[in-house]
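Encoded as structure tokens, the structure appears first; notes follow it.
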Amino acid sequence: MIARLLTTLGLMAVAPALWAAGALEGDVQRQPLNISAILMFVAFVGATLYITYWASKRNTSAADYYTAGGSITGFQNGLAIAGDYMSAASFLGISALVFTSGYDGLIYSIGFLVGWPVILFLIAERLRNLGKFTFADVASYRLKQKEIRTLSACGSLVVVAFYLIAQMVGAGKLIELLFGLNYHVAVILVGILMVCYVLFGGMLATTWVQIIKAVLLLSGASFMALMVMKHVNFDFATLFSEAIKVHPKGEAIMSPGGLVKDPISAISLGLALMFGTAGLPHILMRFFTVSDAKEARKSVFYATGFIGYFYILTFIIGFGAILLVSTNPMFKDGAGALLGGNNMAAIHLANAVGGSLFLGFISAVAFATILAVVSGLTLAGASAVSHDLYASVFKKGKANDKDELRVSKITTVCLGVLAIGLGILFEKQNIAFMVGLAFSIAASCNFPVLFLSMYWKKLTTRGALIGGSLGLLTAVTLMILGPTVWVQVLGNAQAVFPYEYPALFSMAIAFAGIWFFSITDTSASAAEERARFLPQFVRSQTGLGASGAVAH
Amino acid sequence: MNDPIYERIQANPRFQELVAKRERFAWLLSIIMLGLYLAFIILIAFEPQLLGTRINPDSPTTWGIPLGVGLILSAFVLTGIYVKRANGEFDALNKSILEEVQQ
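Those protein sequences? They're chains A and B, same order as listed.
The opening residue of the first sequence carries number 555 in our numbering; numbering runs sequentially from there.
The opening residue of the second sequence carries number 75 in our numbering; numbering runs sequentially from there.
Structure, rendered in structure tokens:
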């Protein structure tokens, strides 16, 4: 019985791997140069660069740069958060999964959604009430600035680095696939554009790029789903029965199937996803772009709605691809496989329902999606360096706005160069594990420290520092010793650590470490830190003293 | 940090009422969400054929479809319920507490 449950849990968590890797893994066939896609992409870049120019004239203070002056509304922020979550790989990967296995695709997407309501109920408003620019503001609120900010900045930078590598390599491959552009050209182009958005436009431009992309992606996906439904006269029964007729698995696509991996790894990855989302610096930073807790709550409400709607669309799109793509010899090679692989299902469907112009549109949207996500990541990384390391640790809170912003901009350029370099370096590497690793680290270092700093009075600097570091180290070490890096990347025969994802173990170690080293901390400063919990608690509940919107 | 005002708020019975109510509500909704998700997983683990059963023998739609889509909708509805109460009742209470202690 238990084994069966574990197996199912395993099944639930395979999706992340798909989501992480999705279309972006393995060898891709370079496609012929796609002119209409390139033209539409150029239009997108033009529009977003204009927004960046507009935003750059409004960015005067650090608050403008980091959080768009708190001027984003709940609705806009909800779109931006949804944009961060709806990556190109999730669009192509989940629709491909529905295309190959039917119902399993729906099960997978549900796993991604259920973390959001919990973030709303337990984290969003306290975070907004306590923080200013970065989540380290909250984690270090009543603890020692230097230690906790250094830890949080390290956690953020490691997460950002792994996530960036995965996105850059994915971007290069996807662009090669969709546009027929050279890999290196694609990576350099993505790097330069992302630096432009962040450097000149800050959070305001980054947010608007994300919003535009989310609207384009949602409209494109809605149009595809609509055309699919029109094809079956808006009758789901017809959609399903036609799909059953032509799908090789027949009736099985209407019930849970069986892509099953090792259950412990799968549970571990499931945990990483759920709590990792609540520890991703670029997602957490979005909660500071709204004016108060009220708007922060609304953002999660809208985000959950958009993400849920998007998953329902991908389900219809996957079934539409079964009907319209798998039956059309135009989209298949000699052996009957889909051109460019199963991850191209949604792209081919775009061609089938909207012709080459709409195909170009969807390809351009997929590229825009990657750009928007890497910009958010870069901004989060730059803030960790300038706001946490430079202003709070190095200058002990005495840095002026101007210097802090300068450091942030220098860091942005460095991150851009680094991202391009790593993107090229990792071109031939298996990068599928990197997003999983980023989530595992976020769940094992950032999340426990952040969560306990808001909920547990007895937390002390010593506990947070030792426990958080243990979580970070365990996550990285177990990942290196596990099958993905030790065997697949380093080429050893047998993995030292048998499971693919470490979060189950590294989270347990982080929480246990924080607990043990906090309760045994009897120093005077620990007593002061516990005493400061009261004002922190009152502020987290009432928002009294919280940083508000900056008037423009 | 202005300590006396924080202590006054902490001592205010209406603040304690707000905290107790909101915490209970937030945890309750979290448990409902996770419970629904867990129930869905358990159903797939132990009764996968149930989700694959047709609702109506004449139509190919299986029970899994409304349950799966229902779960997505429930996530949206639960966040909606929380936001409505938190932005209405709780924020009003919060505002009146702040006004009371700041006089």
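No residue lacks a Cβ here, since even glycine has one placed at the ideal position from N, Cα and C.
Quick caveat, the model's predicted, so the values are computed rather than measured.
- Taking C-beta atoms as the reference points, residue 687 of chain A and residue 737 of chain A fail to come closer than 8 Å.
- With fewer than 16 other CB atoms across the displayed protein chains lying within 10 angstroms of its CB, residue 1073 of chain A is exposed.
- For residue 104 of chain B, the neighbours in chain A by C-beta distance under 8 Å run, in chain order, 671, 672, 675, 676.
- Listed along chain A, the residues sitting closer than 9 Å to residue 138 of chain B by beta-carbon distance are 657, 660, 661, 808, 809, 810.
- No residue range can be given for residue 1099 of chain A, since it is assigned to no alpha helix (DSSP H) and is classified by DSSP as neither H nor E.
- At the C-beta level, residue 648 of chain A and residue 857 of chain A stay beyond 8 Å of one another.
- The C-alpha of residue 708 of chain A is placed about 40 Å away from the C-alpha of residue 86 of chain B.
- Under the three-state reduction of DSSP output, residue 136 of chain B falls in the strand class.
- Judged by beta-carbon spacing, residue 149 of chain B lies within the 8 Å limit of residue 667 of chain A, meaning their Cβ atoms are closer than that value.
- Burial state of residue 713 of chain A is buried, judged by a 10 Å Cβ sphere holding 16 or more other Cβ atoms.
- The region 824 to 839 of chain A and the region 622 to 631 of chain A do not touch, with fewer than three beta-carbon pairs separated by less than 8 Å.
- Taking a Cβ-Cβ cut-off of 9 Å, residue 684 of chain A has no neighbours in chain B, whose nearest Cβ is about 12 Å from it.
- Residue-level contact check: residue 862 of chain A touches chain B, since one or more beta carbons of chain B fall below 8 Å from its beta carbon.
- The three-state secondary structure of residue 79 of chain B, taken from DSSP, is helix.
- Against residue 84 of chain B, the close residues of chain A are 1088, 1092, in the order they occur along the chain (beta-carbon pairs closer than 7 Å).
- The contact set of residue 100 of chain B on chain A, defined by CB atoms closer than 7 Å, consists of 675, 676 in chain order.
- With respect to chain A, the C-beta atom of residue 122 of chain B has a partner C-beta closer than 8 Å.
- Between residue 826 of chain A and residue 997 of chain A, the C-beta spacing is below 8 Å.
- In the DSSP secondary-structure assignment, residue 844 of chain A is bridged to A/626.
- Residue state for residue 893 of chain A is assigned as coil, using DSSP reduced to three classes.
- For residue 748 of chain A, the enclosing alpha helix (DSSP H) covers residues 737 to 785.
- Residue 83 of chain B counts as buried, since no fewer than 16 other beta carbons sit within 10 angstroms of its beta carbon.
- Against chain A, the beta carbon of residue 133 of chain B has neighbours under 9 Å at 790, 791, 794, 795, listed in chain order.
- The C-alpha of residue 1059 of chain A lies about 47 Å from the C-alpha of residue 604 of chain A.
- Contact residues of the region 145 to 176 of chain B toward chain A are 145, 146, 147, 149, 150, 152, 153, 154, 156, 157, 160, 161, 165, 168, 171, 172 (C-beta to C-beta distance below 8 Å).
- Residue ranges of uninterrupted beta strand (DSSP E) with 3 or more members are absent from the region 900 to 952 of chain A; none lies entirely inside it.
- In this structure, DSSP gives residue 886 of chain A an extended state, which the three-state scheme calls strand.
- Contacts between residue 1098 of chain A and chain B, judged by CB atoms closer than 8 Å, involve 79, 80, 83, 172 in chain order.
- At a cut-off of 8 Å between beta carbons, residue 798 of chain A contacts chain B.
- Non-local beta-carbon contacts of residue 1080 of chain A in its own chain, meaning distances under 6 Å to residues more than five positions away in sequence, involve 1014 in chain order.
- Contacts with chain A at 8 Å (Cβ-Cβ) do not include residue 109 of chain B.
- Taken atom to atom, the span from the alpha-carbon of residue 96 of chain B to that of residue 89 of chain B is near 10 Å.
- Cβ contact annotation for residue 804 of chain A (same chain, cutoff 7 Å, sequence separation greater than five): 798, in chain order.
- Interface with chain A (8 Å Cβ-Cβ cutoff): residue 129 of chain B is excluded.
- Judged by their CB atoms, residue 729 of chain A and residue 740 of chain A are nearer to each other than the 8 Å cut-off.
- Contact annotation for residue 852 of chain A against chain B: 157, 161 [CB-CB distance below 8 Å, chain order].
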